[in-house]
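Sequential numbering from 268 applies to the sequence shown in the numbering used here. No residue lacks a Cβ here, since even glycine has one placed at the ideal position from N, Cα and C. Since the model is a prediction, treat every value here as computed from it, not as a measurement.
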Amino acid sequence: MDGSIEWYKTRLVARGFTQQEGIDYSKTFSLVVKHTTFILVFSITVSRNWTIHQLDIHNAFLNGVLVEEVFMRQPPGLVDSTLPSHVCRLHKSLYGLKQAPQA
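What follows is the structure in structure tokens.
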């Protein structure tokens with residue numbers, strides 16, 4: 268080792284495929300924009316001589332506060348050896364949750 272610091276990125280993804288409607292979540296929401304909406308917005312922008320800026324949000328699903336109580340098993344490789352049967356209660360949404368777009 269030369270003493271330099273190496274950085275690694277990681278992402279915790281909830282395994283939402285086991286969720287059941289009516290038990291684990293009540294409803295889902297996913298924003299879908301139609302092609303005609305883009306055309307309308309662009310035509311208004313051009314007619315009023317406005318400036319358009321593009322914005323990508325890479326961590327939008329990580330900031331939503333959950334209203335429901337959602338629990339998940341301890342992630343593989345991070346299981347507490349003294350409490351292996353305990354679960355994690357989520358306060359914020361994660362990738363893979365069906366409630367994530369709504370939160």
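- Per DSSP, reduced to three states, the secondary structure at leucine 364 is coil, with no helix or strand assignment.
- Beta-carbon to beta-carbon, leucine 364 and valine 332 are separated by about 12 Å, too far to satisfy the 8 Å threshold.
- Following the DSSP letters along the chain, one finds valine 308 inside the alpha helix (DSSP H) bounded by residues 302-314.
- Beta-bridge analysis with DSSP links leucine 357 to Val337.
- Rounded to the nearest whole angstrom, the C-alpha separation of serine 352 and arginine 340 is 8 Å.
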